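The next block holds one structure in the form of structure tokens; read it before the comments.
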Amino acid sequence: KNTISLDQYFAKYLGTETRYPSLVLSSNGSESPCYTESGAMIPAENSPARLFRQLFVNDSPADRKLQAARARQGRSIMDLIVDDTRSLSKTLGKGDQTKLNTYLESVRDLEVRLAESEAWAERPKPKVDVPMPKDIGNSADFIGRERLMCDMIKLALQTDSTRFITYHLGGSGGVVPIEGVSEGYHNLSHHGLDETKLEQLGLVEKEIIVAWGTFLQALIETEERGQSLLDQTTVFLTSNLGNASNHSNKNMPVLLAGGRFEHGQHLGFDQKNNYPLPNLYVSLLQQFGMPVDSFMSSTGTMTGLNWKTN
Numbered sequence: 087k088n089t090i091s092l093d094q095y096f097a098k099y100l101g102t103e104t105r106y107p108s109l110v111l112s113s114n115g116s117e118s119p120c121y122t123e124s125g126a127m128i129p130a131e132n133s134p135a136r137l138f139r140q141l142f143v144n145d146s147p148a149d150r151k152l153q154a155a156r157a158r159q160g161r162s163i164m165d166l167i168v169d170d171t172r173s174l175s176k177t178l179g180k181g182d183q184t185k186l187n188t189y190l191e192s193v194r195d196l197e198v199r200l201a202e203s204e205a206w207a208e209r210p211k212p213k214v215d216v217p218m219p220k221d222i223g224n225s226a227d228f229i230g231r232e233r234l235m236c237d238m239i240k241l242a243l244q245t246d247s248t249r250f251i252t253y254h255l256g257g258s259g260g261v262v263p264i265e266g267v268s269e270g271y272h273n274l275s276h277h278g279l280d281e282t283k284l285e286q287l288g289l290v291e292k293e294i295i296v297a298w299g300t301f302l303q304a305l306i307e308t309e310e311r312g313q314s315l316l317d318q319t320t321v322f323l324t325s326n327l328g329n330a331s332n333h334s335n336k337n338m339p340v341l342l343a344g345g346r347f348e349h350g351q352h353l354g355f356d357q358k359n360n361y362p363l364p365n366l367y368v369s370l371l372q373q374f375g376m377p378v379d380s381f382m383s384s385t386g387t388m389t390g391l392n393w394k395t396n
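Using this note's numbering, you'd call the opening residue of the sequence shown number 87 and step up by one each time.
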């Protein structure tokens, strides 16, 4: 229970109106923090150029027919699986019956997605007046990659290609091409309170946040239905560690922007005993109108995080 990651939980219940229920992206490699209900990691797309083609370059008529045919074939296979498992269910005990029902629910969800995929295969992709990005070959320049991918994320939201996106900013062992930085990023993260390393690490992390800020500004400057795109989008940034030097997951930083929340404040909690991050998840789920009061290890909604009154 609750092995599913937050983005996939959103996508399962609210992601059916767009071509892609969710996008899972990365700056380096295919690892991601996104997991299915069964606990399987969803591999990330790390190429802005491939993502552009996926979102905005129409397939040939033959390819579209092939995609639709594959979706229909997948639905036929799902029908056979359901028929077989129904006959099996008569022989199972109560515990196994519960597991089977959970499995069948997943099969039904997949059938729905296959039907939607078949329909989308026949529809043209949105047109955008921007050139295809050129991927950055230097893996150490993950902040440059961040900027490119954030451009693609804005276009995906602007064209309503999806409404749920996770971007994993994976670091690198190489030297980030920033003036004043001479050591590899991973080595800098294990600074051991060395002042020189901390200074260089600060330069790198400042640029990470500057790129994120540029993305937020782009959302502010994009108007949709009389509001900025940021007003209609909740952007959540965090880390898997509070202190990478000793791999501590206490006192993790979180930045939240956009959406229906009141901003312009800092919420501080116990720096030694973690405040439940899933409380924030419950607040996010409720903001989107989902009737939930718990998620994973939550103890409620996030204290001090309020909705706008107007």
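Glycine is no exception: its CB is placed at the ideal position from the N, C-alpha and C atoms. Treat the numbers as computed from the prediction; the structure is a model and nothing was measured.
Whether residue i touches residue j by CB criterion (9 Å)
i	j	result
Val262	Tyr253	no
Phe250	Asp379	no
Leu255	Ile294	yes
Leu341	Trp298	yes
Ile229	Val290	yes
Nearest-angstrom Cα separation, counted from residue j out to residue i
i	j	result
Gly278	Glu285	12 Å
Lys394	Glu269	44 Å
Ile90	Ile128	11 Å
Asp182	Lys358	42 Å
Met238	Glu131	12 Å
Asn329	Leu323	16 Å
Ala97	Glu281	43 Å
Leu287	Ala148	50 Å
Gln313	Glu103	21 Å
Selected residue, minimal CA-CA separation from residue i, among the options
i	options	result
Phe347	Gln318, Leu274, Pro362	Gln318
Met382	Leu371, Ser133, Val267	Leu371
Cys120	Tyr95, Arg139, Leu137, Gln183	Tyr95
Ser247	Met218, Asn224, Lys211	Lys211
Asn360	Leu327, Ile239, Leu302	Leu327
His276	Thr300, Leu353, Ser334, Tyr99	Ser334
Val216	Ala97, Pro339, Ala343, Phe138	Phe138
Asp145	Glu208, Glu131, Gly345, Glu309	Glu208
Ala205	Gly266, Arg105, His349	Arg105
Ile264	Asn224, Asp280, Thr300	Asn224
Gly115	Arg311, Ala304, Met218, Arg231	Arg231
Ile226	Val267, Ser118, Val296	It is Ala, not Ile, that sits at residue 226 in the sequence shown. Minimum Cα distance to Ala226 is reached at Val267.
Leu353	Asn332, Asn392, Asp221, Gln313	Asn392
Pro362	Lys336, Pro377, Gly179	Lys336
6 Å CB neighbourhood of residue i in its chain, flanking five on each side removed
i	result
Gly101	Pro107, Ser108, Phe250
Val368	Phe381, Ser384, Thr387
Val214	Phe142, Leu241
Lys87	Summary for Lys87: the model assigns pLDDT 47, below 50, so the residue's position carries little reliability, and this model does not support an answer.
Tyr99	none
Nonlocal neighbours in the same chain, by C-beta distance under 7 Å from residue i, ignoring five residues either side
i	result
Met235	Leu111, Ser113, Pro134, Tyr253
Pro364	Phe381, Met382, Ser383, Ser384
Thr122	Ile90, Gln94, Ile128
Gly345	Thr319, Thr320, Gln373
Asp221	Ser133, Pro134, Ala135
Gly125	Thr89
CB contact check: residue i to chain B, cutoff 9 Å
i	result
Ile295	No chain B appears in the structure shown, which is made up of a single protein chain.
Sequence-distant residues of the same chain with beta carbon closer than 8 Å to residue i, five excluded per side
i	result
Asn273	Gly259, Lys283
Gln351	Gly390
Glu310	Gln244, Gln318
Ser325	Met338, Pro339
Supposed close pair residue i, residue j - CB separation, criterion 8 Å
i	j	result
Gln244	Leu315	6 Å
Arg233	Thr300	7 Å
Residue i beta carbon near the ligand COA (any heavy atom closer than 8 Å)
i	result
Lys211	Judged by which ligands are present, the structure shown has none, so any question about the ligand COA falls away.
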